[in-house]
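Colleague: Below is one structure. I have some questions about it.
There are 2 protein chains.
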Amino acid sequence: MVTMQNYLAIDAGGTSTRAVLVMASGDCLGYGVSGGGNPVSRGFDGAVDAQLRASATALGGSDAPLHSVTVAMAGASLELPVGLFRERFAALGLLQDVVIESDLLGTFYSGSHQDDGYALIAGTGAVAARVAGSQLAAVADGTGWLLGDNGAGFWLGREVVRAVAAALDGREQATALTELLLAELAITADRSLRTQGRVGAQQQLIAKTYGLAPIELSRFAPLVFEAVDDAVARDIIDRAAAALARTLLAVTTGREDGPLVFGGSVLTKGGTVAAAVMAELALHAPAGSTGAVPVLVRDGVVGAAVLALKRHGVVVDAAVFGRITSSLAALRD
Amino acid sequence: MVTMQNYLAIDAGGTSTRAVLVMASGDCLGYGVSGGGNPVSRGFDGAVDAQLRASATALGGSDAPLHSVTVAMAGASLELPVGLFRERFAALGLLQDVVIESDLLGTFYSGSHQDDGYALIAGTGAVAARVAGSQLAAVADGTGWLLGDNGAGFWLGREVVRAVAAALDGREQATALTELLLAELAITADRSLRTQGRVGAQQQLIAKTYGLAPIELSRFAPLVFEAVDDAVARDIIDRAAAALARTLLAVTTGREDGPLVFGGSVLTKGGTVAAAVMAELALHAPAGSTGAVPVLVRDGVVGAAVLALKRHGVVVDAAVFGRITSSLAALRD
């Protein structure tokens, strides 16, 4: 089915939101960005506000007929008030049907147009998914900072702070992470001076880190890559990679093959963790499964466009997929 | 120096507070209990209220002259408003000097009257101290739930929840902890049914645990002892013991000998963790140090009484210490 109408696709993330206006041919006509658009972290109204702002930019005043609105976002499996989404979008003159899809599918389809394969995402959180027949067949981790998200941004930042706290009072070995973290937090106390038995720098570290919301520890994750030659930092990276490989292996069947898509800053920036994950997988993965070179994607907006077409009967083959990625790349530059 | 006056000693903990009226001879005359009396967790006014309630019970209407008030509590190394303590105690007719001491010394002196040795405490938090010349010479860990407290109650509870979350989606092996935790949280969802790829019981586990304050995860710590024959539970206990042993070893010098005092429910209830810590120490401790059988203490009130006497020039020898423990035990029964 080919239509001359355009499709609005939205990738609503926790810290930023992207919208794209795409034709059935795969050609993208407009692109817009806004702040966090996820109802789990931003609340319903704030999330839809951000989605509408990005959409308005993507539409760019176009009055060409619109086929539908497709939103890829975390929490799609929760019972969302789809009717309320529709009302809010109607206020922008978008009277079309609103389809909510999982952010995991958005990430997967940002790297592949095929309907079976795997996605592993490690940003602030960590989650793996097996996609089968264009649906989520299995999901592992993604259980949040307190219960899991092993190997992702918060996990890394927390390991940095714990390693430094333990190095300061001699429970664990000295690490280059100490200099980096204390500088980051502007802690200047003497590291050998003890007051009532307690190391001064550690006392300040406690005061400063408990002044943050727990999830903010993720800002210290990049320090492990700055100190990559340090044994403690390297151990944190290796444990993160092992955890992420376990998360991916939990959704693999050993029978199915398919593309492997990596998303999230921990996997896509620098490449250290991605390479370590692939090394882990080579040790443990059943032959033939997930052995492919992973496709790294920066976000889920390509996948949102793919879903916007696929969910409305448009066949997305390699040619259409290629037009989405190349025309969107031109709009984003 | 012996005086016929009595000393008021208070052990102000995070969840309960104990006060004792003790003579220079070591004989205890009165004992009182109240709720959390620690200013760090309860705020200044709430903490002093609790301390005064326990004190009133301990004094029992006695109008015998009082020498001084000694409070052992966490946060003693912080800059506390000692003048305000004095004002509040004066309102109870207690015009005496108020001395603030560390809860670590309170625990240590609950197990020994000597002035050199070691204390390891694992309750909700975990901390080790070396005592030298009646002062804190070195303190390790005690860095709170986010930065450390490795092997203590929160740490154990968090490991339980993480192990179950990982077992539910196949990242880690099955464990008997799953039954126990899901029953504790009244989660009845099918453990094999997936909705949008996600295991239903895991989705409920996420919803219920994020509804708690993080520190409340410590309530799941006892489950590891219920499931002690389970390999996953045993691994958590062994890792807790290894972490606690490292914390203690961080304050040991290898040169000094002295009594070893264990406090906190994780070490004193059941004995599983205490035995595992001693096994770890036997592997790693320098010969001669901390090799003694640990003295287990249930709280810090005996030590508060010891400190009340020692800090005011009363010699606490084995006989005085014995009178404190035996007369206090009689009052507590």
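Sequence order for the protein chains is E and V.
So the first sequence is numbered by full-length UniProt numbering: it starts at 1 and just counts up by one.
So the second sequence is numbered by full-length UniProt numbering: it starts at 1 and just counts up by one.
No residue lacks a Cβ here, since even glycine has one placed at the ideal position from N, Cα and C.
Nothing here was measured: the structure is a model prediction, and the numbers come from that model.
Check each residue of the stretch 210 to 226 of chain E: if its Cβ is closer than 7 Å to any Cβ of chain V, include it; give the result in chain order.
Modeller: Here the close residues are Tyr-210, Pro-214.
Colleague: Out of V:Ile-10, V:Ala-24, V:Val-20, V:Arg-191, which has the shortest C-alpha to C-alpha gap to Ala-319 of chain V?
Modeller: It is V:Ala-24 whose Cα lies nearest to the Cα of Ala-319 of chain V.
Colleague: Roughly how many whole angstroms lie between the Cα atoms of Gln-196 of chain E and Val-139 of chain V?
Modeller: Rounded to the nearest angstrom, the two C-alpha atoms are 8 Å apart.
Colleague: Counting contacts by CB-CB distance shorter than 9 Å, is Ala-166 of chain E in contact with chain V?
Modeller: It does: the Cβ of Ala-166 of chain E has a partner Cβ on chain V nearer than 9 Å.
Colleague: Determine the direct distance from the alpha carbon of Ser-192 of chain E to that of Thr-290 of chain V, and round the result to whole angstroms.
Modeller: Here the model assigns Thr-290 of chain V a pLDDT of 49, short of 50, so the residue's position is not dependable, and the following value carries that caveat. Roughly 24 Å separates the two Cα atoms.
Colleague: Just how far apart, CA to CA, sit Ala-304 of chain V and Gly-13 of chain V?
Modeller: Distance between the alpha carbons of Ala-304 of chain V and Gly-13 of chain V: 12 Å.
Colleague: Taking only runs of the alpha helix (DSSP H) that begin and end inside the stretch 53 to 96 of chain E, which ones reach a length of at least 4 residues, in chain order?
Modeller: DSSP runs (the alpha helix (DSSP H)) wholly in the stretch 53 to 96 of chain E: 82 to 91.
Colleague: Got a sec? Which residues, its chain only, sit under 6 Å from Asp-97 of chain V by beta carbon, not counting five neighbours each side?
Modeller: Closer than 6 Å at the Cβ level, and outside the excluded window around Asp-97 of chain V, lie Ser-68.
Colleague: Give a yes or no on whether the minimum CB-CB distance between Leu-267 of chain V and chain C is below 9 Å.
Modeller: Among the protein chains of the structure shown, namely E and V, there is no chain C.
Colleague: Determine whether the Cβ of Asp-11 of chain E lies closer than 9 Å to any Cβ atom of chain V.
Modeller: Chain V contact via Cβ: absent.
Colleague: So which of E:Leu-283, E:Phe-262, E:Ser-218, E:Leu-223 has the shortest CA-CA distance to Ala-242 of chain E?
Modeller: That would be E:Leu-283, whose Cα lies nearest to the Cα of Ala-242 of chain E.
Colleague: Report the partner residues of Asp-11 of chain V according to the DSSP bridge assignment.
Modeller: According to DSSP, Asp-11 of chain V bridges with V:Arg-18, V:Ala-72.
Colleague: If I'm right that Val-251 of chain V touches Val-297 of chain V with Cβ under 8 Å, what's the distance once you round it to whole angstroms?
Modeller: Contact flag wrong, Cβ pair sits at about 18 Å.
Colleague: Quick one: what does DSSP say Gly-322 of chain V is sitting in, helix, strand or coil?
Modeller: The answer is helix: DSSP assigns Gly-322 of chain V an H, G or I state.
Colleague: Taking only three categories from DSSP, how would you classify Gly-32 of chain E?
Modeller: If DSSP states are grouped into helix, strand and coil, Gly-32 of chain E belongs with the strands.
Colleague: Look up Thr-195 of chain V in the DSSP assignment and give the residues it is bridged to.
Modeller: Its beta-bridge partners are V:Arg-198.
Colleague: Could you check whether the Cβ of Val-82 of chain E sits closer than 9 Å to any Cβ belonging to chain V?
Modeller: No - not a single Cβ of chain V is within 9 Å of the one on Val-82 of chain E.
Colleague: Assuming the contact rule is C-beta atoms closer than 8 Å, Leu-307 of chain E and Leu-104 of chain E should be a hit. Round their C-beta distance to whole Å, please.
Modeller: That pair is no contact at about 11 Å.
Colleague: Please give the ranges of any alpha helix (DSSP H) in the stretch 120 to 194 of chain E, keeping only runs that are unbroken, at least 4 residues long and fully inside the region.
Modeller: Runs found: 144 to 147, 153 to 168, 177 to 184.
Colleague: Any beta-carbon of chain E closer than 9 Å to the one on Gly-117 of chain V?
Modeller: Chain E, which has no Cβ nearer than 9 Å to the Cβ of Gly-117 of chain V, makes this no.
Colleague: DSSP three-state label for Val-277 of chain E, please.
Modeller: Helix.
Colleague: To the nearest angstrom, how far is the alpha carbon of Val-33 of chain V from that of Ser-265 of chain E?
Modeller: Taking the straight line joining both Cα atoms gives about 53 Å.
Colleague: For Gly-258 of chain V, which of V:Ile-100, V:Ala-91, V:Gln-114 has the nearest alpha-carbon?
Modeller: Residue V:Gln-114 is the option with its Cα nearest to Gly-258 of chain V.
Colleague: Skipping 5 residues on each side, what residues in its chain have a beta carbon closer than 8 Å to that of Asn-150 of chain E?
Modeller: Answer for Asn-150 of chain E: Ala-126, Asp-141, Ala-240, Ala-243, Leu-244, Arg-246, Thr-247, listed in chain order.
Colleague: Measuring only between beta-carbons, confirm whether Gly-288 of chain V sits less than 9 Å from chain E.
Modeller: Low per-residue confidence applies at Gly-288 of chain V: pLDDT is 49, beneath 50, and the placement is therefore not dependable, though the value from the model is reported in the following sentence. For Gly-288 of chain V, the answer is no, since every Cβ of chain E falls outside 9 Å of its Cβ.
Colleague: If you count every other CB in all the chains shown that lies within 10 Å of the CB of Gly-288 of chain V, and 16 or more means buried, which is it?
Modeller: Since pLDDT at Gly-288 of chain V reaches only 49, below the 50 mark, its modelled position is unreliable, and no value is offered.
Colleague: Are Pro-294 of chain E and Leu-328 of chain E touching if we call contact CB-CB under 9 Å?
Modeller: Their beta carbons are not under 9 Å apart, which means Pro-294 of chain E does not touch Leu-328 of chain E by this criterion.
Colleague: Is the number of C-beta pairs between the stretch 273 to 280 of chain V and the stretch 33 to 45 of chain V that are closer than 8 Å three or more?
Modeller: Contact between the stretch 273 to 280 of chain V and the stretch 33 to 45 of chain V is absent, because fewer than three Cβ pairs lie under 8 Å.
Colleague: Check each candidate in E:Thr-325, E:Phe-321, E:Val-82, E:Ala-9 and name the one with the smallest Cα separation from Arg-53 of chain E.
Modeller: Comparing Cα positions, the closest option is E:Ala-9.
Colleague: Check Leu-331 of chain V in the structure and name its three-state DSSP category.
Modeller: Correct three-state label for Leu-331 of chain V: helix.
Colleague: Let me see if you follow: with CB-CB separation under 9 Å, is Gln-51 of chain V close to chain E or not?
Modeller: Chain E, which has no Cβ nearer than 9 Å to the Cβ of Gln-51 of chain V, makes this no.
Colleague: Relative to the alpha-carbon of Gly-254 of chain E, which residue among E:Ala-58, E:Arg-130, E:Thr-175 has its alpha-carbon at the smallest distance?
Modeller: Checking every option, the nearest Cα to that of Gly-254 of chain E belongs to E:Arg-130.
Colleague: Considering only DSSP beta bridges, list what Val-297 of chain V is partnered with.
Modeller: DSSP lists V:Gly-263 as partners of Val-297 of chain V.
Colleague: With Gly-30 of chain V and Leu-21 of chain V assumed to form a contact (beta carbons below 8 Å), what rounded beta-carbon distance in angstroms separates them?
Modeller: Confirmed, Cβ separation roughly 4 Å.
Colleague: Tell me whether Ser-110 of chain V is buried or exposed, calling it buried when 16 or more other Cβ atoms sit within 10 Å of its Cβ.
Modeller: By the neighbour-count rule (16 or more Cβ atoms within 10 Å), Ser-110 of chain V is buried.
Colleague: List the endpoints of the continuous beta strand (DSSP E) containing Ser-110 of chain V.
Modeller: Unbroken run through Ser-110 of chain V is the alpha helix (DSSP H), 103 to 111; no beta strand (DSSP E).
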